[in-house]
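Following the UniProt record's numbering, the numbering of the sequence shown begins with 1 at its first residue and continues without gaps.
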Amino acid sequence: DATPPYAVASHRWRSDEATFKDISKRRNTTSSGYRKVLASCQHIKDNIPRIEWLWIDTVCLKQDSSLEVSEGVNCMFQWYAAAEICLVWLWDVAGPALPEHGSVSTKQQVLKENWRHSEWFRRGWTLQELLAPRWVVFLNFEWNIIGHKGPFDEETVAGNFGHVGNSLDEDLAQVTRIPVAVLRHYQCSKNLGFEEKMQWMQGRETTKGEDMWYSLFGIFGVAPGANYGEGEGNAKRKLLRAI
C-alpha cells in the first residue's frame with residue numbers, strides 16, 4: 001500500500017521520552033515526552049487537518065531493538081525527506097507568536113533572536129532533520145509558530161499548510177553556515193565536497209560518540225548500518241569507507 005501523507009517531528013531528546021508502549025497503553029501520561037507527542041498531534045489537527053499521521057523517532061522506533069534502530073539510522077534521511085512537513089519544537093525558546101506580516105513587538109523581536117540560540121542547533125541528528133525535509137516549521141515552547149524553512153509560495157501555503165509564519169531561510173543560513181539553496185533543496189548540495197559538508201557539523205554534539213558519524217549517513221547518501229558499541233573511531237571509518 002502507498003504511504004499516506006505524514007508529518008515528522010524534530011526535537012531535542014529529554015530523559016522522559018514517551019515510547020510506543022506508553023502511547024498505545026496510555027501510560028506515563030504526565031511525562032513531558034508524552035505531552036510532546038500529544039501537542040505535536042494537536043498542532044497537526046489544528047493547522048494541517050489533511051494530514052492524519054505523525055512520525056516521531058521516540059515512539060516509532062523500538063529503541064531496544066538493535067535491528068530496528070540500525071534500519072532507522074539507514075533510512076532516517078529518506079523518511080524525513082518523504083514527509084509532507086517537519087515540525088521542529090524548540091523547547092528552550094519562549095515568547096509570543098511572530099506575525100505573518102507587519103512589524104514585530106519588542107517581545108517578538110526577542111523571540112526572533114532567541115530561537116537562533118536554541119540547543120536544537122547544536123545537536124548532531126538535527127542537522128539532517130533540517131536538511132532532508134523540503135518544508136520545516138519552527139515552533140517555540142508554547143507551540144507558537146516562529147517561522148518556516150522551504151520554498152513556500154502563497155498557493156502552496158494556503159492549499160497545504162495554512163499559517164507557517166515568515167521565511168527563516170536567510171537566518172538559518174547565517175546560523176548553520178549552510179547555503180540558502182541547499183536549505184531549500186538538498187539536491188543542490190550534490191556538487192559540494194566532503195570537507196564543506198563536514199563543516200556543517202562544527203559545534204554540534206551527540207550523546208553517543210557513534211552518532212556523530214551515524215547522523216551523517218543520509219547527508220552523504222550512504223547506508224552502512226549502525227552498530228552501537230563499536231566506538232566512535234569505527235563508526236567514522238565505516239562512514240568514510242561507505243563514501
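Cβ coordinates follow ideal geometry from the N, Cα and C atoms, glycine included.
Distance, residue j Cα to residue i Cα
| i | j | result |
| --- | --- | --- |
| LYS208 | SER15 | 14 Å |
| ASN114 | ASP1 | 43 Å |
| ILE48 | PHE161 | 6 Å |
| LEU143 | HIS11 | Note that residue 143 corresponds to Trp in the displayed sequence, not to Leu. Approximately 12 Å, taken between the alpha carbons. |
| ASP153 | HIS43 | 21 Å |
| GLY147 | GLU230 | 39 Å |
| VAL182 | MET201 | 15 Å |
| GLU205 | HIS163 | 32 Å |
| ARG50 | ILE56 | 18 Å |
| ASP169 | CYS188 | 15 Å |
| PRO151 | ARG184 | 6 Å |
| LYS197 | LEU54 | 29 Å |
| PRO224 | GLY203 | 25 Å |
| LYS236 | SER167 | 35 Å |
| GLU232 | MET212 | 8 Å |
| GLY95 | GLY165 | 14 Å |
| GLY33 | VAL69 | 19 Å |
| PRO4 | LYS45 | 15 Å |
| LEU38 | LYS190 | 37 Å |
| VAL180 | PHE77 | 19 Å |
Nearest neighbour of residue i, chosen from the options [CA to CA]
| i | options | result |
| --- | --- | --- |
| GLU119 | ILE51, ASP1, TRP13 and PHE217 | TRP13 |
| ASP171 | LYS149, VAL164 and LEU67 | LYS149 |
| TRP135 | ILE178, TYR186 and TRP91 | TYR186 |
| CYS41 | LEU61, VAL69, LYS62 and ALA9 | ALA9 |
| TRP125 | ALA39, GLU210, ARG237 and LYS36 | GLU210 |
| ASP22 | PHE194, LEU61 and ILE145 | LEU61 |
| ILE178 | LEU192, PHE20, SER167 and PRO4 | LEU192 |
| PHE194 | LEU54, VAL222, LEU38 and GLU232 | VAL222 |
| THR19 | VAL93, GLN63, ALA39 and ASP46 | GLN63 |
| VAL93 | ILE145, VAL37 and ALA242 | ILE145 |
Beta-carbon spacing of residue i, residue j below 9 Å
| i | j | result |
| --- | --- | --- |
| GLU52 | SER31 | no |
| GLN174 | ARG122 | no |
| LEU127 | THR58 | no |
| ALA81 | TYR6 | no |
| ASN234 | SER66 | no |
| LEU240 | TYR214 | no |
| LYS36 | TRP79 | no |
Near the ligand GTP: residue i beta-carbon under 8 Å from a heavy atom
| i | result |
| --- | --- |
| ARG27 | Summarising the ligand content, the structure contains no ligands, and the ligand GTP is consequently not present. |
The region 20-36 / the region 70-88 touching (three or more Cβ pairs under 8 Å): no
At least three beta-carbon pairs within less than 8 Å, the region 76-88 to the region 128-145: yes
Segments of 4+ residues assigned as alpha helix (DSSP H) that fall wholly inside the region 181-242: 194-199, 211-214 and 232-242
Cβ pair count under 8 Å reaching 3, the region 124-134 against the region 212-225: The region 124-134 vs the region 212-225: in contact.
Entirely enclosed alpha helix (DSSP H) segments - the region 36-110, minimum 4 residues: 57-60 and 66-82
Every unbroken alpha helix (DSSP H) inside the region 121-171 [4 residues or more]: 125-131
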